[in-house]
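Residue numbers (the working numbering), protein chains in the order written: chain H, 178 to 316; chain B, 534 to 660.
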């Protein structure tokens, strides 16, 4: 069996390939940081699974306001957690839409349609980033 | 390269565990994208217009039966991605890729099993 040949050039696909690995590892670390933060701030005794996921993946005071923890805004509305939220959003959105692009381009041929599909995914990516950063800064 | 391969034909390929986890990684990734995208949109409309559709979507998301599925998808995607990233960073461990897959399930089953056990226990007792 011969392995698939990979072009060694420093291309867009190569950068995105590396980015998928790095962002995946970063998302795991950020999720662990989010869970730890939630537990430190008092989620030890009164948290259920949807709430825990909410704290893990988007530690925004508006997002975790439904949980039973009192004074949720005190712990989370800080610059530190705002930066953490932006990192999570950037990595998650880019990872997700690049994954969508990978899957779509695996099952479609390189036709004239491809630039339009890429453009659509790029616009969705930009839209998601802008909306979420607006939410982070406005909350 | 022939891309016109149906799912049934594709599953006949004797790739075994690594191939199936590649498939599941792909499906779970798309599921997470769909789930998170719908969640963002429904939260936006719940905040802005208070529509019933958005509220119902969020009620489905927070139901414990849906959580069983979402937890599986998220934990599987994270652990499988971790395995892929580790093997890609140190390619000499690719010799042990089937063992890595076993290790992945050995880590997955306690995490997921314990989560689901607590989830079902709490919800069946009405807690």
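The beta-carbon is built from N, C-alpha and C at its ideal position, and this holds for glycine as well.
Keep in mind it's a predicted model, so treat the numbers as computed, not measured.
From this set, B:568, B:538, B:609, which residue's C-alpha is nearest residue 590 (chain B)'s C-alpha? The residue given as residue 590 (chain B) occupies position 57 in the second chain. Between residue 590 (chain B) and the set B:568, B:538, B:609, the nearest pair of CA atoms involves B:568.
If we require 4 or more residues per run, which alpha helix (DSSP H) segments fall completely within the segment 206-267 of chain H? 226-234, 249-253
Spell out whether any CB of chain H is found under 8 Å from the CB atom of residue 542 (chain B). Working through the second chain from its first residue, we reach residue 542 (chain B) at position 9. So, not an interface residue.
Please report the straight-line C-alpha distance between residue 210 (chain H) and residue 588 (chain B), rounded to a whole angstrom. As a working note, residue 210 (chain H) is residue 33 in the first chain. As a working note, residue 588 (chain B) is residue 55 in the second chain. So the alpha carbons of these two residues sit roughly 29 Å apart.
Find the residues of chain B that neighbour residue 238 (chain H), judging by a C-beta separation of less than 9 Å, and give them in chain order. Taking the first chain and counting its residues from 1, one reaches residue 238 (chain H) at position 61. Within chain B, no residue comes near residue 238 (chain H); the closest Cβ sits about 14 Å away, beyond 9 Å.
Considering only their Cβ atoms, is the gap separating residue 265 (chain H) from residue 304 (chain H) smaller than 8 Å? As a working mapping, residue 304 (chain H) is identified with position 127 in the first chain. As a working mapping, residue 265 (chain H) is identified with position 88 in the first chain. It is not a contact, given that the beta carbons lie outside the stated cut-off.
Indicate the three-state DSSP secondary structure (helix, strand or coil) for residue 312 (chain H) in the structure shown. Here residue 312 (chain H) is taken as the residue at index 135 of the first chain, counted from 1. The answer is helix: DSSP assigns residue 312 (chain H) an H, G or I state.
By the DSSP assignment, the alpha helix (DSSP H) with residue 600 (chain B) in it spans what residues? Numbered from its first residue, the second chain carries residue 600 (chain B) at position 67. Start and end: 597-622.
Tell me whether the segment 644-654 of chain B and the segment 628-635 of chain B touch, counting them as touching only if at least three CB pairs, one residue from each stretch, are closer than 8 Å. no
Excluding sequence positions up to five away, which residues of its chain have a Cβ less than 8 Å from the Cβ of residue 564 (chain B)? Reading the second chain from its first residue, position 31 is the one you call residue 564 (chain B). Result list for residue 564 (chain B): 606, in chain order.
Is the distance from the Cβ of residue 237 (chain H) to the Cβ of residue 313 (chain H) below 8 Å? Position 60 of the first chain, counted from the start, is the residue given in the question as residue 237 (chain H). Position 136 of the first chain, counted from the start, is the residue given in the question as residue 313 (chain H). Against a cut-off of 8 Å, the Cβ pair of residue 313 (chain H) and residue 237 (chain H) comes out as a contact.
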